[in-house]
Every structure is written in C-alpha cells, then in structure tokens.
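Let me begin by presenting the structure, written as structure tokens, before commenting on it.
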Amino acid sequence: MAKINMLQAINDALSLVLETDDKAILFGEDVGHFGGVFRATSGLQEKYGKERCFNTPLTEQGIAGFANGLASNGMTAIAEIQFADYIFPAIDQIVNESAKFRYRSGNEFNVGGITYRTPYGGGIAGGHYHSQSPEAYFTQTAGLKVVVPRNAYQAKGLLLASIRDKNPVVFFEPKRLYRANIGEVPDGDYEIELGKAEVVREGKDITLLAWGAQMEIIEEAADMATKQGISCEVIDLRTLAPWDIETVAASVKKTGRLLINHEAPLTGGFAGEIAATIQEECFLYLESPISRVCGLDTPYPLIHEKEYMPDALKTFEAIKATVKF
Amino acid sequence: MSNATSHNETVHRVSFLDKDSVSVPILKILQADGTVYENAVLPTIGQELATKIHDTCVFTRVLDERMLGAQRQGRISFYMTCTGEEASIIGSVASLDSDDVILAQYREHAAIRYRGFSTEQFMNQLFSNEKDLGKGRQMPIHYGSAELNYQTISSPLATQIPQASGVGYSLKMQDKRNVAVCYFGEGAASEGDFHAGLNMAAVLKSPTIFFCRNNGYAISTPTSEQFMGNGIASRGPGYGIHTIRVDGNDMLAVLAATQQARAHAIHNKEPVLIEAMTYRLGAHSSSDDPSGYRSKEEEAKWQTHDPVKRFKLWMINKGWLTEKQDADLYEKYRKEVLAELKLAEKRPMSMLDTIVEDVYDAPTPRLQQQLKSLKKHLNKYPDSYPKSVGRG
Chain A
1 MAKINMLQAI NDALSLVLET DDKAILFGED VGHFGGVFRA TSGLQEKYGK
51 ERCFNTPLTE QGIAGFANGL ASNGMTAIAE IQFADYIFPA IDQIVNESAK
101 FRYRSGNEFN VGGITYRTPY GGGIAGGHYH SQSPEAYFTQ TAGLKVVVPR
151 NAYQAKGLLL ASIRDKNPVV FFEPKRLYRA NIGEVPDGDY EIELGKAEVV
201 REGKDITLLA WGAQMEIIEE AADMATKQGI SCEVIDLRTL APWDIETVAA
251 SVKKTGRLLI NHEAPLTGGF AGEIAATIQE ECFLYLESPI SRVCGLDTPY
301 PLIHEKEYMP DALKTFEAIK ATVKF
Chain B
1 MSNATSHNET VHRVSFLDKD SVSVPILKIL QADGTVYENA VLPTIGQELA
51 TKIHDTCVFT RVLDERMLGA QRQGRISFYM TCTGEEASII GSVASLDSDD
101 VILAQYREHA AIRYRGFSTE QFMNQLFSNE KDLGKGRQMP IHYGSAELNY
151 QTISSPLATQ IPQASGVGYS LKMQDKRNVA VCYFGEGAAS EGDFHAGLNM
201 AAVLKSPTIF FCRNNGYAIS TPTSEQFMGN GIASRGPGYG IHTIRVDGND
251 MLAVLAATQQ ARAHAIHNKE PVLIEAMTYR LGAHSSSDDP SGYRSKEEEA
301 KWQTHDPVKR FKLWMINKGW LTEKQDADLY EKYRKEVLAE LKLAEKRPMS
351 MLDTIVEDVY DAPTPRLQQQ LKSLKKHLNK YPDSYPKSVG RG
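First to last, the sequence lines map onto chains A and B. Residues 1 to 325 in UniProt numbering are what the first sequence spells out, letter by letter. Residues 1 to 392 in UniProt numbering are what the second sequence spells out, letter by letter.
Take a look at the structure:
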C-alpha cells in the first residue's frame, strides 16, 4: 500500500475504470493532455487515447448534455466540471435531464452511467467563485446521488463505487484536501458502498456529523472537547443523497446530542434536513437542541475566509454549549 | 495550435462582413401539383417506401384531428399536432436506419409512428394508463420507446441537442455505422443548449444530424422576433458544420437531403445540419389559439402548400395510389383510432407502487418508507383516492 494524495487516488481510480471498462469516457474542460486544472486526469489521455479522454469546449451545459447522451446510449460518462461554482450553467441538464431520465421514460432509458466530478469548497483563498459548496442544491433532486469523500482512501473507493453505480452521481471533491491529504491507498480495486455513513470515532456525550473537508474540522474540535472531558462520536456522512438516517439516528439515540457542521451557508443547507429528520426519529432521546455550525448566509468571502469558516474553534464552542444546555 | 479557419483574405482598410451577406440555397424537388421540377434529382424511393410514407402521413393526420377533438371534449388534458410539418418529419425519418437513435422535441410523433409505434401505444401514452411505457408520468405527447430507438421526450426545450451530440459520439465509439438524429424547432435554436450541442458535435466529430423544423412560430413568436440573420442554416458553417436548407413541405426534398446527410455523417464521422422551411398549420398546442397572432390569409396561403396533399398527388401521378385507396386509408385509421381511444381511456392508471419506482435503479429505504406511509393514509380514506387505493 502506497501513501499518496487525494488527487493521485482519484487519478488512480479513473485510470482503473478506463482500463477495465471499455465503455468509459472521461471529458471536461482541460482534462485532456493538460490533465485538468488540478491535474486529476494527468497522463490518462496518453494512456487511453484522445477518443476516451478529451478536452471539451468551455460549456458546462454542453458537457452535462453530452454526458446524458453518452450514458443514454450505454456508455460510462465521467464528466469533470472544473469548479463546483461552475456547475450552475449545467443545472438544467443535471436536475431536469440526468436526474429524471429513468423516471420520465418509465425506465425505457436511463443515464445511470454518469458521474459528475467537481472540486468544491473553500480554504484556498479562492473568493466566492472558487469556493462554494453547492451540494444542497442537488440533494433536493430525486434521482441523483450526492457523494463527498474526506480523504484519499475514501476518494478512490467512493469514486469507483460512484462510477459503477446504476444512477447518476454528483461527486464533490474537497479541493483544499487534494494535495494536503496524504494517506495509505491500496493499489488495486476496491469500492466503498454508497449511502452508508461511517462512524469514524466512537463517543458517548455528543454526535458530531460532517462530510468532506469539514471532517478534519470536527475531528479537531472533538480533540479539543476530549481535553475538557467531553466524549464525542464522530460520523462522516459520505453520501448525502440518499443519506444514512439509520446510522446517524442510532448514534444520536446513544449520545443524546447532535451537532452538524457544513461549509455551505446555514439557510437551506443540508444540515437543516438532517436536523429535522433526527428530531423526528430521536425526539425523546434528545438532551438538547440539535446544533448547526455552518457558513454564514453570505457569498463565500475572500479576505474574511477564516472568519466565515465553520472552523474547529466555533465547533468546539457549540459542543460545549450543547453539552451544557 | 493552429486556428481552424481557411482562405482568409488580408485587407488594409476596415472591411466588415455584411450581416445579410450569407446566402443559403433551398432544395425543392416536388411542386405543389405533384410533378417534379425540371432537372430535379430524385431521392432513392420505390413504391414500397412511398406507400409507407403515405401511410404514416394519413395516420398522423387522423391522429392529430381525432386527438385534438378528444382534448376539446376533455378526454385528454393536452395535445400537440404536427399538421403542416409531416413532410419534414416523415421525409427525414424515412431516410434513416432503424438503429439510428432519434432525439425528438415534441412535435415528431410521425417519426415514432414510422418506426412502428402502434395505435394502442399512442393511446396508452395519451391517457397515461397502466400500459403506457412511460408509466403515466408525463403529459400527453411525451412518447418514447427503447425498442424503437426513440428517446423519451423531455418537456424543457432544446435539452436534447447536446445530448444528441453525446449519443452520436457513443455510436462512433461503439463502432456502429449509425447516426443520432436530433429534431428541434427554430425557437429552440435560441437556447444555449443549441450552441453547446452543435459546437460540441463539431469539435468532437460526432455523427449527428441536427434537424431544425423552421415552422415559423415558437408558440406565438414569429421568426422575425426569434432570430436575425439568414435562418438557422446560416449558423451551420459558423460552427464548421456541413449544412443544407430544404423545402420542409416537400417530401422528396427532405428525403433526398436526409439520405445524403446521413451518408455524409457516417462517412466523415461528423455532424450535419438540416434546416427544413415549413409552416405550423395548427396551433402550438391545445392550450394555444393562433388567431390571436396570425392572420387567416397567412394560414390559407400555407394550406396551398400542404405537404401531405403534394406527396399524395405525386404518388397518384406515379400510379402508386388512387384517390379511393387514400380515402379508404383515412377511414380505416379513423375507426382504428376511435376504437383504441375507447379501450385506452378505460384502462386503469399504473399501480401505486410505480410512484417510487425508477427514481433510482431501486427504491431507497426512504422512498419505501414514504410509500408505506402513503398507503396507510390512502387506506384510511379510500373514498378520497378511488383510482389508486388497493392498487399495489
């Protein structure tokens, strides 16, 4: 097992798919010879040819529409949207087309072979057009799966599972971890099941829940809380749609408290959905109100990035308030 | 990297391209009286093909007339006719191979009929009953059939255009000698998807036929308020796409153009754009009244260009059809449509379980739980949900 970073893990997964699935096609802006702006597709065009790994014109709606066409006719379409901030021009093709292809045709046609990969999130001094976390826009769309990995190992296993899943998947890659996160990743093939959360750390006083890049934030906050004698259970949701209610509810029934952390703005964020469902499932077990530590309801700022972030310190304060309630 | 432009003249004083300088010839073969133009080169067509085309024309006329009537009687909620545009649709589909994949807009039901969609299948879709292939999930006229390589219609406009580029590319990658065929109206060509789709197909060399039905109106908006410049065809060369404009009311011209477009797309592995100049004789849909935005005189003028009549006269001239055979066919389809309509409207709606099917490849636990709660509720108030209670 080699220690590699998240980009290398993603590249490894993509290479494996192109090698084993001759129907697989990889495309997007600059993904060809250049290897993508983050170099996630480096070397793949050289290995698998220009017909299977190529640059497209600069058109996100074109990329998503093309992906729908490919997948509707039996191909495995892996489309890169250069930044999650630029997924909005493609939203009609994703929300009205990819998500509804199977349903609207009564399963005469489907585009289950699509995976949209897109780097998301802040912490890279990117300002509001290179830092957004738009996952909640997609969780409201039935027919899509939404997946966010937290480290290199998860990225490879979840990406392989997403590509092979029989439904269209929007796969958000935490770009601030691309090079920062280095870990042991098996060389060979493995998948991590979609729709399953992972209990990363067991605890008894409060459940901390996040996904993607925010996982390292809640783990850091959990460490701070441990020093104060508070025992935190830490869960990575991994798949947001469909999400693993059972694992989260079981944890909250045990700890009696829940804190949800995400980088996207608070209002209309996915934490709201989780809080409402857990309140319904665990009402009599709750010792305090469910806490949300999220981004502000502002566009993602440039110079005040640190202030905006739902960081470990804010999370730590919220843990203390929740436990003392 | 070199810029893919060619033969550019250098000048040393400011010189603009005139915005009206693009001239596009229009292919016409068949005249209004059913005779062909002198020196016209005919498409490949024999009596068998002509008879199938005529049969589809007649069926479509009958279906449109009867179902618009059914909509007016409140038996179905919505309908769209393709009256006036039959030659564009049937002439093009008749030039294809049955394995060519069709991505239509919404006014091309004649094409799925040509491929073999039965009268019963039409009715099941229009009445959203349990035998509808689409499981009653879409408004009337959203036909689709995997068996017939006709992708299910999506209501949002122009979304099928970049998809067709992807389907064409997939056919190339699968080493099939087939094309994707994408129908759309001149109004849809204003959407961003049109640009995205044509540009991608050209750059990625996707064997796709983009077939624009320029029928004069996008609901109530005439072409003069839809685009400037010389129609949709003039855009083709701008994208680097092989392009032709045809008389869309001329069955033989459409047939000839599409036969050659298909051969070109497959041989060169690249897209082709066809613009068919036609006229929407009917309303946009059953929810629309064209008398509010166009004159009776305009409609009457176009009646004289009726594509179905023109083709019928050609067949009669050839000795391949008689007036009586034509009249008998109308009568046969009127009876058939009415009989199937009556059967279809009595069929029950889909089983309740289908409400959570096909959202994903299998219903998620959340969906199963929602279905369970729904059933519990329906069973508590069965009289309020008579069509679905107890069904699944």
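Glycine included, each C-beta is placed from N, C-alpha and C at the ideal position. These figures come from a predicted structure and were not determined experimentally.
Closest by C-alpha distance to residue i, when choosing among the options
i: B/Y143; options: B/Q174, B/G168, B/A111 and B/V167; result: B/A111
i: A/P149; options: A/T277, A/A9 and A/K227; result: A/A9
i: A/Y120; options: A/V146, A/G112 and A/E97; result: A/V146
i: B/D247; options: B/A257, B/Y239 and B/I241; result: B/A257
i: A/Y129; options: A/T315, A/F316, A/A318 and A/E305; result: A/E305
i: A/A250; options: A/E280, A/A40, A/P89 and A/R292; result: A/E280
i: A/T239; options: A/E263, A/I218, A/A210 and A/G256; result: A/A210
i: B/T364; options: A/A180, A/R104, A/K196 and A/Y116; result: A/K196
i: B/F59; options: B/T119, B/V36 and B/K19; result: B/T119
i: B/T278; options: B/G236, B/R235, B/H109 and B/K301; result: B/K301
i: B/T159; options: B/G134, B/S295, B/A188 and B/S286; result: B/A188
i: A/V170; options: A/T59, A/A271, A/F138 and A/G157; result: A/F138
Minimum Cβ-Cβ distance from residue i to chain B less than 9 angstroms
i: A/Q140; result: no
i: A/E135; result: no
i: A/E29; result: no
i: A/G127; result: no
i: A/I245; result: yes
i: A/G74; result: yes
i: A/K196; result: no
i: A/F109; result: yes
i: A/R117; result: no
i: A/A276; result: no
Where residue i sits in the DSSP three-state scheme
i: B/T10; result: coil
i: A/V199; result: strand
i: B/D33; result: coil
i: B/L96; result: coil
i: A/H130; result: coil
i: B/A104; result: coil
i: B/P207; result: coil
i: B/F227; result: coil
i: A/G183; result: strand
i: B/L255; result: helix
i: A/T20; result: helix
i: A/A225; result: helix
i: B/S145; result: strand
i: A/V146; result: strand
i: B/S2; result: Confidence at B/S2 is low in this model, with a pLDDT of 49, below 50, so the placement of that residue should be treated as unreliable; the coordinate-derived value is given next. If DSSP states are grouped into helix, strand and coil, B/S2 belongs with coil.
Residue range of the alpha helix (DSSP H) that includes residue i
i: B/I53; result: Q47 to R72
i: A/S72; result: E60 to S72
i: B/V337; result: E323 to K346
i: A/Y308; result: E305 to Y308
Residue-level contact to chain A via CB, residue i, 9 angstroms cutoff
i: B/G392; result: no
i: B/I102; result: no
i: B/H142; result: yes
i: B/G166; result: yes
i: B/Q325; result: no
Bounding residues of the beta strand (DSSP E) (the contiguous stretch that carries residue i)
i: B/M277; result: V272 to M277
i: A/L240; result: T239 to A241
i: A/F172; result: V169 to P174
i: A/A264; result: L258 to P265
i: A/A24; result: A24 to G28
i: B/H242; result: H242 to D247
i: A/P119; result: I114 to Y120
i: A/C53; result: C53 to N55
i: A/A210; result: I206 to A210
Could you list the residues in the segment 83-102 of chain A with a C-beta less than 7 angstroms from some C-beta on chain B, going in chain order?
D92, Q93, N96, E97 and R102
Taking any Cβ of chain B, which residues in the segment 56-67 of chain A have a Cβ under 9 angstroms from it, in chain order?
T56, P57, T59, E60, Q61, G62, I63, A64, G65, F66 and A67
Under 9 angstroms, CB to CB, which of the residues in the segment 24-54 of chain A have a partner in chain B?
I25, F27, E51, R52 and F54
Mind checking the segment 111-138 of chain B against chain A and listing, in chain order, the residues whose C-beta falls within less than 9 angstroms of any C-beta there?
D132, L133, G134, K135, G136, R137 and Q138
Quick one, which residues of the segment 232-260 of chain B are near chain A if we go by CB-CB under 8 angstroms, in chain order?
none
Cβ-based contacts, 8 angstroms cut-off: residues of the segment 189-208 of chain B near chain A
G192, D193, H195, A196, G197, N199, M200, V203 and L204
Return the residues of the segment 168-180 of chain B that lie within a Cβ-Cβ distance of less than 9 angstroms from chain A, sorted by chain order.
G168, Y169, S170, L171, K172, M173, Q174 and A180
Using Cβ-Cβ distances below 7 angstroms, what residues of the segment 221-242 of chain A are close to chain B?
P242
Using a Cβ-Cβ cut-off of less than 7 angstroms, list which residues of the segment 358-377 of chain B approach chain A; keep chain order.
D358, V359, Y360, D361, T364 and R366
Between the segment 163-175 of chain A and chain B, which residues of the former have a C-beta closer than 9 angstroms to a C-beta of the latter?
D165, K166 and N167
So if I threshold CB-CB distances at 7 angstroms, which residues from the segment 268-299 of chain A count as touching chain B?
none
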